[in-house]
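Residue numbers (this note's numbering): 63 to 517. Beta carbons are placed, not taken as given, at the ideal position from N, Cα and C, and that holds for glycine. As the structure is a computational prediction, the values presented were derived from the model and not from experiment.
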Ligand code: IFM
């Protein structure tokens, strides 16, 4: 177990990439400034009851106005790689058509400032903030998104590709399709299989479309895409629970990676997925494949799964961590470091994957400011114990090339609003004052051992 293991930066190797991850809607604010158009998160957050306490990302961390301050703080904290996403409606207010010079200029300034600080920009193309204008036309359920996405990616590649070499096409497609188009708890708030299935297929097609455009138009691009993933443990050794766990694994961990690798959708484990065939056109399963340079895996917890007659389509349900009485974060996610190791192993077993980067890992806990300091021992031990498991994977000879903490500053945590704080840096959202938490200070010292940049 991780507790008997000493964390040692040297064991990760000289070329291991260290960084922090963020997303546009969670940090930027400036929701309607300088020509930015409305996104599905702007709209969703304005709906009564959609977000905890009626909160929204209109100001968030004010990164749009004050990005230099945060990037300078990253530099001070020895962070040499910064992952952020492009807000589609900042550069294309209607999603397609007329581009917005001021929005493009903003990202150019962020990129240039990172580079001047010795920080490598890692850009995610799509981190959930679809243009509302495109959602009005059906969003991810409309096959036309393949063309809309092409236009967006082409503009990003031509505007930033001369300086940005590290790209991720999608962030966690399982989460934005599942929570946004099946459960309705994230933007755009749609529900049911009739929305979920086409959204899955079109998102998977867009992964490859984005990858191909970047490959053609950005010299020396290092192209990835990212997946949420969690170790799945059956609740018992009963056959029914084991089958339920296999189904959950297929849904949560395999659904989006396997088509990219040419393995198709995991229909044999989830029978209802057969209905996705309705949305698959001739040649789609060929065009859905793409040879990514790396896969980003994003792990926070594990799930324990048991059989349930009452859950439609899957007959499987998650046994909540709070019910199991195990240690949890503020999100009520189990703290379970071996899960990250299990996911590294799992993805190493796919033949077609060349490189793995942990593009997100982190934890929300209640933080208290006292004497201008934030002491956060739980987050510190969470990060150290998960990192030890990454180190263990490296020692065991598994491929894993980088680790990004989610996240740099506390920010807007989607439907949960500002309550869960995941940052290495505390944000007072009234004054926008930043305070490096003790976990952040530890990370700063850990990275300071000998600085390195991405390859
Ligand atoms: O905040 C999110 C992020 O946007 C995507 N991955 C998980 C994080 C924590 O919930």
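Cβ-based neighbour list, residue i, same chain, cut-off 6 Å, excluding 5 preceding and 5 following
{"i": "residue 516", "result": "Here residue 516 scores only 43 on pLDDT, less than 50, and its place in the model should not be relied on; the value that follows carries that caveat. For residue 516, where only same-chain residues beyond five positions count, the Cβ hits under 6 Å are 79, 143 and 182."}
{"i": "residue 362", "result": "395"}
{"i": "residue 414", "result": "323"}
{"i": "residue 107", "result": "113 and 118"}
{"i": "residue 446", "result": "69"}
{"i": "residue 158", "result": "210 and 213"}
{"i": "residue 134", "result": "none"}
{"i": "residue 121", "result": "91"}
{"i": "residue 102", "result": "192, 194, 197, 249 and 250"}
Supposed close pair residue i, residue j - CB separation, criterion 8 Å
{"i": "residue 399", "j": "residue 448", "result": "5 Å"}
{"i": "residue 404", "j": "residue 293", "result": "4 Å"}
{"i": "residue 266", "j": "residue 358", "result": "Not really, about 16 Å apart at Cβ, beyond 8 Å."}
{"i": "residue 473", "j": "residue 123", "result": "5 Å"}
{"i": "residue 148", "j": "residue 187", "result": "6 Å"}
{"i": "residue 172", "j": "residue 228", "result": "That pair is no contact at about 14 Å."}
{"i": "residue 211", "j": "residue 271", "result": "6 Å"}
{"i": "residue 191", "j": "residue 86", "result": "6 Å"}
{"i": "residue 418", "j": "residue 463", "result": "6 Å"}
{"i": "residue 364", "j": "residue 471", "result": "Not really, about 27 Å apart at Cβ, beyond 8 Å."}
{"i": "residue 356", "j": "residue 416", "result": "7 Å"}
{"i": "residue 236", "j": "residue 318", "result": "6 Å"}
Residue i Cβ short of 6 Å to the ligand IFM heavy atom set
{"i": "residue 468", "result": "yes"}
{"i": "residue 85", "result": "yes"}
{"i": "residue 422", "result": "yes"}
Cα-Cα separation between residue i and residue j, rounded to whole angstroms
{"i": "residue 222", "j": "residue 366", "result": "42 Å"}
{"i": "residue 242", "j": "residue 505", "result": "33 Å"}
{"i": "residue 335", "j": "residue 255", "result": "9 Å"}
{"i": "residue 436", "j": "residue 377", "result": "44 Å"}
{"i": "residue 279", "j": "residue 379", "result": "44 Å"}
{"i": "residue 110", "j": "residue 476", "result": "14 Å"}
{"i": "residue 164", "j": "residue 97", "result": "7 Å"}
{"i": "residue 347", "j": "residue 202", "result": "18 Å"}
{"i": "residue 168", "j": "residue 273", "result": "24 Å"}
{"i": "residue 321", "j": "residue 342", "result": "12 Å"}
{"i": "residue 82", "j": "residue 424", "result": "10 Å"}
{"i": "residue 216", "j": "residue 231", "result": "12 Å"}
{"i": "residue 483", "j": "residue 206", "result": "37 Å"}
{"i": "residue 209", "j": "residue 269", "result": "13 Å"}
{"i": "residue 137", "j": "residue 177", "result": "11 Å"}
{"i": "residue 156", "j": "residue 327", "result": "32 Å"}
{"i": "residue 239", "j": "residue 487", "result": "30 Å"}
{"i": "residue 75", "j": "residue 310", "result": "34 Å"}
{"i": "residue 170", "j": "residue 300", "result": "55 Å"}
{"i": "residue 262", "j": "residue 151", "result": "22 Å"}
{"i": "residue 503", "j": "residue 441", "result": "12 Å"}
{"i": "residue 350", "j": "residue 508", "result": "40 Å"}
{"i": "residue 184", "j": "residue 371", "result": "44 Å"}
{"i": "residue 67", "j": "residue 290", "result": "26 Å"}
{"i": "residue 298", "j": "residue 368", "result": "7 Å"}
{"i": "residue 461", "j": "residue 162", "result": "40 Å"}
{"i": "residue 264", "j": "residue 204", "result": "8 Å"}
{"i": "residue 332", "j": "residue 259", "result": "12 Å"}
{"i": "residue 275", "j": "residue 281", "result": "11 Å"}
{"i": "residue 426", "j": "residue 189", "result": "20 Å"}
{"i": "residue 443", "j": "residue 406", "result": "20 Å"}
{"i": "residue 498", "j": "residue 146", "result": "20 Å"}
{"i": "residue 388", "j": "residue 381", "result": "11 Å"}
{"i": "residue 385", "j": "residue 313", "result": "23 Å"}
{"i": "residue 315", "j": "residue 433", "result": "43 Å"}
Same chain, Cβ closer than 8 Å to residue i, five either side skipped, listed in chain order
{"i": "residue 495", "result": "489"}
{"i": "residue 73", "result": "453, 456 and 457"}
{"i": "residue 175", "result": "129, 130 and 133"}
Same chain only: Cβ atoms within 7 Å of residue i, ignoring 5 sequence neighbours per side
{"i": "residue 383", "result": "390, 394, 395 and 396"}
{"i": "residue 329", "result": "335 and 336"}
{"i": "residue 510", "result": "140"}
{"i": "residue 125", "result": "89, 90, 91 and 132"}
{"i": "residue 479", "result": "113, 114, 115 and 117"}
{"i": "residue 100", "result": "151 and 194"}
{"i": "residue 438", "result": "427, 429, 499, 500 and 501"}
Chain D contact for residue i (CB, 7 Å cutoff)
{"i": "residue 402", "result": "This model lacks chain D altogether, as it is built from one protein chain only."}
Enumerate, from N- to C-terminal direction, the unbroken beta strand (DSSP E) stretches of 3 or more residues contained entirely within the region 258-346.
Whole beta strand (DSSP E) segments, 3+ residues: 284-290 and 293-296.
Within the region 140-202, note down every full alpha helix (DSSP H) run reaching 4 residues or more, in order along the chain.
150-153, 163-178 and 194-197
What residue ranges within the region 386-457 form continuous alpha helix (DSSP H) runs of no fewer than 4 residues, ordered along the chain?
400-410 and 439-457
At 3 residues or longer, and completely inside the region 476-503: list those beta strand (DSSP E) runs for me, N to C.
Within the region 476-503, the complete beta strand (DSSP E) runs of at least 3 residues are 487-490 and 495-498.
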